[in-house]
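With numbering that gives the first Met the number 0, the residue at position 4 of the sequence shown is 3, and numbering never jumps.
Heads up, the beta-carbon is just placed ideally off N, CA and C, and yes, glycines get one too.
Take a look at the structure set out below.
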Amino acid sequence: MNEYLMRSSAHGDSTNRAEVKDRGASVFVAASTECFPELSLVDSIERLGDLEYSAIEIAINEWGQQLKPSQVLDQLEAATAMCRDTHRMDIAGFFVRINATGDEFYRQFQACSRMAKAAKVVSITVPSAELGTPFNEEVEHLRRLVDIATVDGVLVSIKTEVGRLSQDPDTIQVMCDNVKGLGVTLDPSHYIYQAPSNRGYDQLLKYVYSVHLRDTTKDTLQVRVGQGEVEYSKLITQLRRFDYRRGLVVDMAAIEGVDHNSEMRKIRLLLESLL
């Protein structure tokens, strides 16, 4: 981190980040730093810049090579400096996954929220609880997260994922209706992959704060770009009906035997051609 602080001091905070909603009337394409989990945050940002992305989502979790929630809590100023050194790319949001439990969880989340405010990031995505978690318990947990983030002017959304409460669109709708201010990070892949039939999610569109994308089939969560069943054009049209003006965040892992950089370029060009 000290190296990062030195670099940030040398460069200055040269980015001029407006809030995501102020980027203009258009939806924009971004990519998650987690597309390159083997790289440091510095190198992941640099790689995405080389691939001509103009916006990023920063992944914050304990198991990667990039920012960790515990690190943000312990070294908030240094972590914030890291987030500000983005080579002039906008930050579409944070995706925060915290392993800690009890009060430590909320302390780490509060630190991430404060970092978001300092870095002028308006959206934090979190996972919902695993299946089997009592619904009321999850609602109270999400209310607490939203309350913490609201103090910093930050939005909180839950990601749609198989194996979690958010795998069911109707459950998410009830959550959002019960937790004022809670939004959705829509990942349509999880309504295609292993679904008995493609789950409709029209009822969620009005709650969407962010979108995660990759190509998907019913049998495979991620396939090569162009070989899946995600209807990007239809999705963009649906989102625009609700005045969606935030990011389409590419969230792709490397596929063995496939040039990952090429796939990242291909999906960026595909999405940009639809905007």
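- Remark: C-beta atoms of R267 and V28 approach each other more closely than 8 Å.
- Straight through space, the alpha carbons of Y200 and E51 are spaced by roughly 31 Å.
- The Cβ atoms of V153 and K116 lie closer than 8 Å to each other.
- Closest option to V207, judged by alpha-carbon separation, among S272, Q237, A30 and T85: Q237.
- Linking T124 to D89 through their CA atoms gives a straight-line distance of about 16 Å.
- Between L130 and G162 the beta-carbon gap is near 6 Å, inside 8 Å, which marks them as a contact.
- When the beta-carbon positions are compared, V224 and N177 stay at least 8 Å from each other.
- Contact annotation: H189 and Q221 have beta-carbon atoms that are not nearer than 8 Å.
- For the alpha helix (DSSP H) assignment, the uninterrupted runs of no fewer than 4 residues enclosed by the region 27–83 are, from N- to C-terminal side, 40–49, 68–73 and 75–83.
- Under the DSSP assignment, K116 falls in the alpha helix (DSSP H) whose first and last residues are G101 to A117.
- According to the DSSP assignment, F93 belongs to the beta strand (DSSP E) that extends over D89 to V95.
- Ranked by how close their Cα comes to the Cα of L269, the residues R213, I254 and K217 have R213 in first place.
- Secondary structure at H211: strand, using DSSP grouped into helix, strand and coil.
- Take the alpha-carbon of A110 and the one of G63: they are about 18 Å apart.
- Counting only residues of its own chain and dropping the five nearest sequence neighbours on each side, Q107 has a CB closer than 8 Å to the CB of P68, S69, V71, L72, I97 and A99.
- Contact annotation: V183 and H211 have beta-carbon atoms that are not nearer than 8 Å.
- Around the beta carbon of G256, fewer than 16 other beta carbons lie within 10 angstroms, which makes this residue exposed.
- In the three-state DSSP reduction, P133 falls in the coil class, being neither helix nor strand.
- Beta-carbon to beta-carbon, G246 and G48 are separated by about 16 Å, too far to satisfy the 8 Å threshold.
- In this structure S31 touches F94 by the C-beta definition: roughly 7 Å separates them, less than 8 Å.
- Taking all protein chains shown into account, A80 has 16 or more neighbouring C-beta atoms within 10 Å of its C-beta and is therefore buried.
- Scanning its chain for C-beta atoms nearer than 7 Å, with the 5 sequence neighbours on each side dropped, one finds around F104 the residues I97, in chain order.
- Assigned with DSSP and collapsed to three states, T149 falls in helix.
- With respect to the C-alpha of T159, the residue from N135, A128 and I147 having the closest C-alpha is A128.
- Spanning the alpha carbons of G180 and L203 requires a straight line of approximately 14 Å.
- Short of 7 Å from the beta carbon of H259, and not among the five residues preceding or following it, lie these beta carbons of its own chain, in chain order: A253.
- Q65 counts as buried, since at least 16 other C-beta atoms from the protein chains shown sit within 10 angstroms of its C-beta.
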